[in-house]
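Trainee:
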Amino acid sequence: MKIKLKIWRQENATAKGKFVKYQLDDVSPDSSFLEMLDELNQDLIQKDDDPVVFDHDCREGICGTCGLYINGRAHGPQKGSATCQLHMRSFKDGDTITVEPWRAKAFPVIKDLMVDRSAFDRIMVSGGYISINAGSAPEANNMPVRKENADMAFDAATCIGCGACVAACPNASAMLFVGAKISHLALLPQGQPEAEERVLEMVNQMDLEGFGNCSNNYSCEAECPKEISVGNIARMNAQFFGAKLKSGKK
Amino acid sequence: MSNLAIRSISKKIITGLAGLFLITFLVVHLGVNLTMLVPDGGETFREAAEFMRTNPVIKIVEPVLFAAFIIHIIIGIVLKIQNWMARPNRYSVSNKAYTYWMSKYMFHTGIVVLIFLIIHLINFYFIRLGLLEPSNVMSDEHDFYNQAIMLFRDPLYSVIYLVAFVFLAVHLNHAFQSFFQTIGANHSKYTPVIKVIGTIYSLVISIGFAIIPIYFLFFYE
Ligand code: HEM
Ligand code: FES
Chain C
62 MKIKLKIWRQ
72 ENATAKGKFV
82 KYQLDDVSPD
92 SSFLEMLDEL
102 NQDLIQKDDD
112 PVVFDHDCRE
122 GICGTCGLYI
132 NGRAHGPQKG
142 SATCQLHMRS
152 FKDGDTITVE
162 PWRAKAFPVI
172 KDLMVDRSAF
182 DRIMVSGGYI
192 SINAGSAPEA
202 NNMPVRKENA
212 DMAFDAATCI
222 GCGACVAACP
232 NASAMLFVGA
242 KISHLALLPQ
252 GQPEAEERVL
262 EMVNQMDLEG
272 FGNCSNNYSC
282 EAECPKEISV
292 GNIARMNAQF
302 FGAKLKSGKK
Chain S
24 MSNLAIRSIS
34 KKIITGLAGL
44 FLITFLVVHL
54 GVNLTMLVPD
64 GGETFREAAE
74 FMRTNPVIKI
84 VEPVLFAAFI
94 IHIIIGIVLK
104 IQNWMARPNR
114 YSVSNKAYTY
124 WMSKYMFHTG
134 IVVLIFLIIH
144 LINFYFIRLG
154 LLEPSNVMSD
164 EHDFYNQAIM
174 LFRDPLYSVI
184 YLVAFVFLAV
194 HLNHAFQSFF
204 QTIGANHSKY
214 TPVIKVIGTI
224 YSLVISIGFA
234 IIPIYFLFFY
244 E
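As they're listed, the protein sequences go chains C and S. Be aware that the first sequence starts at 62, since it is given in the working numbering, and climbs by one per residue. Be aware that the second sequence starts at 24, since it is given in the working numbering, and climbs by one per residue.
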């Protein structure tokens, strides 16, 4: 199939970027979106041009490294999947595809389509863990966990931290990411002792990074490759409110 | 940003709680306004207005209501400015994800409501406070029955009024269910019910207020 591409090219974080048009004449519908970009880069390298920089690692939807904003959709038109799981058969012959980086103040562009998501790492460092050494897997029945909570915690823990929620949000808010990271610990007994400090610290760091505020628009949930529920944002809000009320107590 | 800065979620919760107060206020206000439709030359309406003016509970609630408006508006605007700043470079292809379009326009619908609110204060509340002179259709500074009829008989005023309530309906439709999410209530069974109640609420409020100018414009002799 023939594909026209409009790709965001930007030398570095401070440079002014622009769209550059490319054309590929023989793309297999069975190739993945990233393979199509690999082919483009092969062409560019052979022509001594600068290849398009984009992030990727596992290419099987589990690491959260890839992330492109394709035709107005974070991770492209396919619901519930990462960019690396998108195939060219999702497009039509002759289509023009516009590819942009995640755009958020908190995610500065490194080069072209690659953005710096270390803001997420700093949020995790601020409280997204439990301080005890959990050791090896404990005896399964020692610590009873309500089945529904285990399921919800697991769903929240499927977050791969790709940043699609921020990319899709009209306010570039990170609340789905932070809500998921808070929820998967808050729902389990191991997360309880530090739950209050965790939510206060992580929300604090999220604000410091310059993410926007959630307006309950829910495009994050619609675009999340793991289809994580905005119920996790509600849980974070409730936890934050509770922790705030208690935090003054001596 | 210091530790004294109000966190994102606190701002949202404060906006929401102030908004909830406004939501109840609208119900009371609508109740009073609808008494204008009683065909007794405004007697019931005057009694209702008199009650609202003299009741001690209402007197206490009135400054709270003003505070709620101011807080809601100021924090709403601060949230919006922060949200704009969070994405300094816009996408060239705007977001095509399934979304609640109403939630994207809370600021815009809010501003329209605010402009209407100012017009409304000038036409009614400021007269009551003695800041402005009663118009010549008013028998005294409390005669809002005649004042309202005079305004509603003016097609331009009525159209502005009706347009404002369309915007308010959009604001409220998102606002009602949004409030519950903001305070942390999201439930597989109850959230869909809350959304339906929010839609019904926003329609009842906006249609309820809209009936009054329509009546006085078209059916009043
Ligand atoms: C009687 C009138 C009003 C009522 C009943 C009302 C009610 C509400 C409620 C309940 C919310 C949801 C808050 C949440 O998500 O927790 C909301 C949001 C909002 N309101 Fe109002 N509001 C009114 C007037 C206004 C006005 C005059 C403005 C002026 C700018 C405004 C600006 C906003 C904004 C910007 C938001 C969104 C906040 C966010 O980002 O989540 N509202 N409103
Ligand atoms: S490259 Fe690992 S999720 Fe896409």
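In this text, a Cβ means the ideal position worked out from N, Cα and C, and glycines have one as well.
#1: Tell me, please, whether the CB atom of residue 265 of chain C is closer than 8 Å to any CB atom in chain S?
#2: Could you check which residue in C:233, C:80, C:200, C:249 has the C-alpha nearest to that of residue 218 of chain C?
#3: Quick one: complete alpha helix (DSSP H) runs, 4+ long, within the segment 172 to 212 of chain S?
#4: DSSP three-state call for residue 24 of chain S: helix, strand or coil?
#5: If we count the other Cβ atoms within 10 Å of its Cβ and call it buried at 16 or more, is residue 201 of chain C buried or exposed?
#6: Take every Cβ of the segment 180 to 196 of chain C, pair it with every Cβ of the segment 263 to 276 of chain C, and state whether three or more of those distances are shorter than 8 Å.
#7: When the Cα atoms are used, what is the spatial distance from residue 110 of chain C to residue 85 of chain C?
#8: Using 8 Å as the threshold, is the C-beta distance between residue 91 of chain C and residue 148 of chain C below it?
#9: Are the segment 224 to 242 of chain S and the segment 166 to 180 of chain S touching, with three or more C-beta to C-beta distances below 8 Å?
#10: I need the straight-line Cα distance from residue 296 of chain C to residue 76 of chain S, nearest angstrom please.
#11: Would a check of beta-carbon distances place residue 114 of chain S closer than 8 Å to chain C?
#12: Among residues of its own chain, excluding the 5 on either side of residue 43 of chain S, which ones have a beta-carbon nearer than 7 Å to its beta-carbon?
#13: Taking 8 Å as the CB-CB limit, is residue 213 of chain S close to chain C?
#14: Below 8 Å between beta carbons: does that hold for residue 230 of chain C and residue 280 of chain C?
#15: If we define contact as Cβ-Cβ less than 8 Å, is residue 35 of chain S a contact residue for chain C?
#16: Residue 261 of chain C and residue 308 of chain C: beta carbons closer than 8 Å?
#17: Output the distance between the C-alpha atoms of residue 233 of chain C and residue 215 of chain C, rounded to the nearest integer angstrom.
#18: Would you kindly report the start and end of the unbroken alpha helix (DSSP H) that includes residue 140 of chain S?
#19: What is the residue span of the alpha helix (DSSP H) that residue 81 of chain C lies within?
#20: I want to verify the contact list: residues of chain S whose CB lies under 8 Å from the CB of residue 347 of chain C, in sequence order.
#21: For the segment 117 to 134 of chain C, which residues have a CB atom closer than 8 Å to at least one CB atom of chain A, in sequence order?
#22: Which of the three DSSP states is assigned to residue 151 of chain S in this structure?
#23: Can you give me the Cβ contacts of residue 83 of chain C inside the same chain, cut-off strictly under 7 Å, excluding the 5 residues immediately before and after it?
Mentor: So, from the data block:
#1: Residue-level contact by beta carbon holds for residue 265 of chain C and chain S, with a gap shorter than 8 Å.
#2: Residue C:249 is the option with its Cα nearest to residue 218 of chain C.
#3: Complete alpha helix (DSSP H) runs here, min 4: 178 to 205.
#4: Unreliable placement is indicated for residue 24 of chain S, whose pLDDT of 41 sits below 50; no coordinate value is reported for it.
#5: Looking at its Cβ environment, which holds fewer than 16 other Cβ atoms inside 10 Å, residue 201 of chain C is exposed.
#6: With the cut-off at 8 Å, the segment 180 to 196 of chain C and the segment 263 to 276 of chain C touch.
#7: Rounded to whole angstroms, the separation of the alpha carbons of residue 85 of chain C and residue 110 of chain C is 15 Å.
#8: Yes, these two residues count as a Cβ contact at 8 Å.
#9: Under the three-pair Cβ rule at 8 Å, the segment 224 to 242 of chain S counts as touching the segment 166 to 180 of chain S.
#10: Going from the Cα of residue 296 of chain C to the Cα of residue 76 of chain S covers about 42 Å.
#11: It does: the Cβ of residue 114 of chain S has a partner Cβ on chain C nearer than 8 Å.
#12: These residues qualify, in order along the chain: 202.
#13: No - not a single Cβ of chain C is within 8 Å of the one on residue 213 of chain S.
#14: Yes. Within cutoff.
#15: Taking CB atoms only, residue 35 of chain S has a neighbour in chain C less than 8 Å away.
#16: Yes, these two residues count as a Cβ contact at 8 Å.
#17: Each residue's Cα considered, the two are about 25 Å apart.
#18: Note, residue 140 of chain S: alpha helix (DSSP H), 129 to 143.
#19: Where residue 81 of chain C is concerned, there is no enclosing alpha helix (DSSP H), although the beta strand (DSSP E) it sits in stretches over 79 to 85.
#20: Any question about residue 347 of chain C goes unanswered here, given that chain C covers just 62 to 311.
#21: Going by chain labels, chain A is absent from the structure shown, which instead holds the protein chains C and S.
#22: Looking at residue 151 of chain S - three-state DSSP - the assignment turns out to be helix.
#23: Same-chain partners within the cutoff: 66, 68, 101.
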